[in-house]
Amino acid sequence: MELPAVNLKAIVFTHWLLTVFACMIDWLPKAYGLANITILAMGVWAIAQRDSIDAIFMFLIGLLLTILTDILLFALYFTEAEKASESGPLRDLFRFSSGMGIFSLLLKPLSCFFMYHMYRERGGEYFVNLGRSQMTFRLVPFEEDHLGVPNKLKLLPSDLT
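Residues in the sequence shown are numbered from 41 upward in steps of one, following this note's numbering.
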């Protein structure tokens, strides 16, 4: 099944807009806004450097981390903010702001899925290997190097153990 082409600019813009709406009133700590804006800056970096594997990977990891921080911050601050705004004049604005923050949180896993797909398209591969490297080297006779200087041996990768 072919994935639909999703523009990176659209993903960054959508999350930026939802972050701005979530921060309209002061119910979340500054850490929410700072974390999300920092990650969106990495998204701008990924847009600017189209061939960079590092930029898209950092944006992907950042989105995954902000999923965790968003869940934590919403769990810690939502109930108190809801009680404080229930009888005040900002009740509807709080509902809109919190709704946009929750909507952003719900979109982030989908965005991560598309980011991973873009990461793979750019040539990135991520393997977790905590063991020893399987590649070893063997000595092979070689006549001269690229400068014309005689060289007796050259290291080449091999499958020898």
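All residues carry an ideal CB built from backbone N, CA and C; glycine is no exception.
Nearest-angstrom beta carbon gap, residue j and residue i [assumed within contact, 8 Å]
{"i": "Ile107", "j": "Lys70", "result": "About 19 Å; that fails the 8 Å criterion."}
{"i": "His55", "j": "Ser144", "result": "6 Å"}
{"i": "Leu58", "j": "Ile87", "result": "That belief does not hold up - the Cβ atoms of Leu58 and Ile87 are roughly 18 Å apart, past 8 Å."}
{"i": "Met64", "j": "Leu133", "result": "6 Å"}
{"i": "Tyr159", "j": "Leu100", "result": "6 Å"}
DSSP three-state assignment for residue i, whether helix, strand or coil
{"i": "Ile65", "result": "coil"}
{"i": "Asp91", "result": "coil"}
{"i": "Leu80", "result": "helix"}
{"i": "Pro129", "result": "coil"}
{"i": "Gly139", "result": "helix"}
{"i": "Val52", "result": "helix"}
{"i": "Val60", "result": "helix"}
{"i": "Arg162", "result": "coil"}
Nearest candidate by alpha-carbon position, reference residue i, set the options
{"i": "Leu105", "options": "Asn76, Leu133 and Ala121", "result": "Asn76"}
{"i": "Ala50", "options": "Leu133, Ser151, His157 and Phe143", "result": "Ser151"}
{"i": "Phe61", "options": "Ile87, Leu112, Tyr156 and Met140", "result": "Met140"}
{"i": "Gly102", "options": "Gly163, Val52 and Glu165", "result": "Val52"}
{"i": "Leu74", "options": "Phe154, Leu100, Arg90 and Thr109", "result": "Thr109"}
{"i": "Trp67", "options": "Arg131, Ala121, Phe153 and Ile142", "result": "Ala121"}
8 Å Cβ cutoff, residue i in contact with chain D
{"i": "Glu161", "result": "Although the question refers to chain D, the structure presented lacks it and comprises just one protein chain."}
heavy atom of the ligand FAD below 7 Å from residue i C-beta
{"i": "Trp85", "result": "Summarising the ligand content, the structure contains no ligands, and the ligand FAD is consequently not present."}
If you pair each beta-carbon of the region 87-106 with each one of the region 122-132, do three or more pairs fall below 8 Å? With the cut-off at 8 Å, the region 87-106 and the region 122-132 do not touch.
Assess contact between the region 81-92 and the region 110-117, defined as three or more Cβ pairs (one per stretch) separated by less than 8 Å. Is contact present? no
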